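Below: the structure, in structure tokens.
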Amino acid sequence: MEKQIDTIFVDLGDTFRVIRADEAYITAAKTRIAELLGVTSDPVAFYREVIEPRYDLYRQWALTFYCEAPEKVLWTRWLAYDFPKDRVEAAAAELTYEYRKTKGERVVTDGGIETIKELYARGYTLGIVSDLVGVHEVDEWLDKDGLRPYFKTVQQSSICLIRKPHPAIYYYALEETGSDPARTCYVGDNLNRDIVGAKAAGLGMTVGVRYPGKKPQTVTEENKPDFFISHFSQLLDLFPPLK
Numbered sequence: 009m010e011k012q013i014d015t016i017f018v019d020l021g022d023t024f025r026v027i028r029a030d031e032a033y034i035t036a037a038k039t040r041i042a043e044l045l046g047v048t049s050d051p052v053a054f055y056r057e058v059i060e061p062r063y064d065l066y067r068q069w070a071l072t073f074y075c076e077a078p079e080k081v082l083w084t085r086w087l088a089y090d091f092p093k094d095r096v097e098a099a100a101a102e103l104t105y106e107y108r109k110t111k112g113e114r115v116v117t118d119g120g121i122e123t124i125k126e127l128y129a130r131g132y133t134l135g136i137v138s139d140l141v142g143v144h145e146v147d148e149w150l151d152k153d154g155l156r157p158y159f160k161t162v163q164q165s166s167i168c169l170i171r172k173p174h175p176a177i178y179y180y181a182l183e184e185t186g187s188d189p190a191r192t193c194y195v196g197d198n199l200n201r202d203i204v205g206a207k208a209a210g211l212g213m214t215v216g217v218r219y220p221g222k223k224p225q226t227v228t229e230e231n232k233p234d235f236f237i238s239h240f241s242q243l244l245d246l247f248p249p250l251k
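For the sequence shown, the numbering used here assigns the number 9 to the initial residue and increments by one for each residue that follows.
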């Protein structure tokens with residue numbers, strides 16, 4: 009490896025964590041959203057006809073302004089603005105948690121845990137920089153999988169309210185780890201957000217994830233990473249033990 013890297017930040021969705029389809033799991037989440045809002049009609053139809061279109065509008069706003077709305081704002085302004093505000097605000101955290109589950113169960117990608125532990129053992133400073141809604145899911149998952157000790161920083165757009173490719177979310181991670189941007193690598197699957205944002209923040213290296221079966225993305229001079237990997241464990245080929 010030509011560039012001297014000692015810090016590695018990783019994306020979560022479709023990079024370190026992937027979605028496992030489970031219709032019962034997904035339907036249960038949609039049903040719980042309806043229950044929390046007091047909806048008595050078909051919960052699956054309600055999600056499809058009301059929540060999904062409203063989330064599409066929210067996502068357009070979020071991507072335009074590189075911003076993630078706080079949970080209460082997400083639901084009272086965008087997703088359930090025509091329901092009693094007090095009820096929605098009280099349930100906002102759980103509503104967001106269940107909304108995430110409507111996309112499927114999220115699990116660490118094959119070989120992910122072993123790779124992170126080995127990179128840590130090799131002396132690398134590790135961190136997470138991720139766009140997602142909700143403030144409780146990641147903490148719960150890190151504790152459940154026993155991964156918290158390996159990450160020196162965990163930056164979530166749902167907490168800092170800034171989305172990639174805005175460089176500020178990377179700066180927060182760099183500040184918390186005390187890392188030199190030039191010696192930091194970012195690993196992510198979305199070229200136009202993950203890679204462009206990392207470059208804008210001055211990170212010294214980028215790695216794009218191309219898992220089999222995923223829709224190919226157009227590679228440009230702006231979003232082209234230094235390397236591509238098709239399996240998370242291939243990071244071990246790029247990052248030998250630090251001396």
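We put the CB at the ideal spot given by N, CA and C, even for glycine.
Bear in mind that the values here come from a model prediction, so they are computed numbers and not experimental data.
Taking the Cβ atom as the reference point for each residue, do residue i and residue j lie within a distance shorter than 8 Å?
i, j, result
"Leu155", "Ile121", "yes"
"Thr35", "Val18", "no"
"Thr185", "Lys160", "yes"
"Arg114", "Arg171", "no"
"Val162", "Ile16", "no"
"Ile177", "Tyr107", "no"
"Ser241", "Thr123", "yes"
"Asn231", "Leu199", "yes"
"Glu126", "Leu44", "no"
What's the C-alpha gap between residue i and residue j?
i, j, result
"Met9", "Glu145", "Residue placement at Met9 is poorly supported in this model, since its pLDDT is 49, which falls under 50; the coordinates still yield a value, given next. Each residue's alpha carbon lies about 35 Å from the other."
"Asp197", "Ala37", "26 Å"
"Asp14", "Tyr219", "25 Å"
"Ala70", "Asp234", "28 Å"
"Leu103", "Gln164", "18 Å"
"His174", "Leu134", "20 Å"
"Lys111", "Leu140", "12 Å"
"Tyr179", "Thr192", "11 Å"
"Tyr55", "Asp22", "23 Å"
"Tyr63", "Leu87", "6 Å"
"Asp147", "Tyr158", "13 Å"
"Asp94", "Lys152", "32 Å"
"Tyr217", "Pro78", "The sequence given here places Val at residue 217; Tyr does not occur at that position. Spanning the two alpha carbons is a distance of roughly 29 Å."
"Arg89", "Thr226", "Before going further, note that residue 89 is Tyr rather than Arg in the sequence given. Computed Cα separation, rounded: 37 Å."
"His239", "Pro224", "15 Å"
"Gln12", "Ser187", "12 Å"
"Pro92", "Ala209", "41 Å"
"Thr228", "Ala190", "22 Å"
"Asp118", "Glu57", "34 Å"
"Lys80", "Gln68", "18 Å"
Applying the 10 Å Cβ sphere with the 16-neighbour rule, what's the burial state of residue i?
i, result
"Thr214", "buried"
"Val96", "buried"
"Ala29", "exposed"
"Lys109", "buried"
"Thr84", "buried"
"Ala32", "exposed"
"Ala100", "buried"
"Ile27", "exposed"
So, with DSSP's three-state summary, where would you put residue i?
i, result
"Ser166", "helix"
"Gly205", "helix"
"Arg40", "helix"
"Ile237", "strand"
"Val215", "strand"
"Glu113", "strand"
"Met9", "Because Met9 carries a pLDDT of 49, less than 50, the predicted location of this residue cannot be relied on, and the following value inherits that uncertainty. Coil, per DSSP."
"Thr185", "helix"
"Gly196", "strand"
"Leu155", "coil"
"Phe17", "strand"
Can you tell me the Cβ-Cβ gap for residue i and residue j, rounded? I've got them flagged as a contact below 8 Å.
i, j, result
"Val143", "Ile167", "6 Å"
"Leu246", "Arg130", "Contact doesn't hold; Cβ gap of about 11 Å is too wide."
"Leu82", "Tyr66", "7 Å"
"Leu182", "Glu76", "Actually they do not touch by this definition, with Cβ atoms about 19 Å apart."
Verify the contact flag: residue i, CB atom, against every heavy atom of the ligand NAP, threshold strictly below 7 Å.
i, result
"Val47", "Within the structure as shown, the ligand NAP is missing, as the structure has no ligands at all."
Do we get a CB-CB distance below 8 Å when we pair residue i with the residues of chain C?
i, result
"Ala181", "The displayed structure is made up of one protein chain only, and chain C is not part of it."
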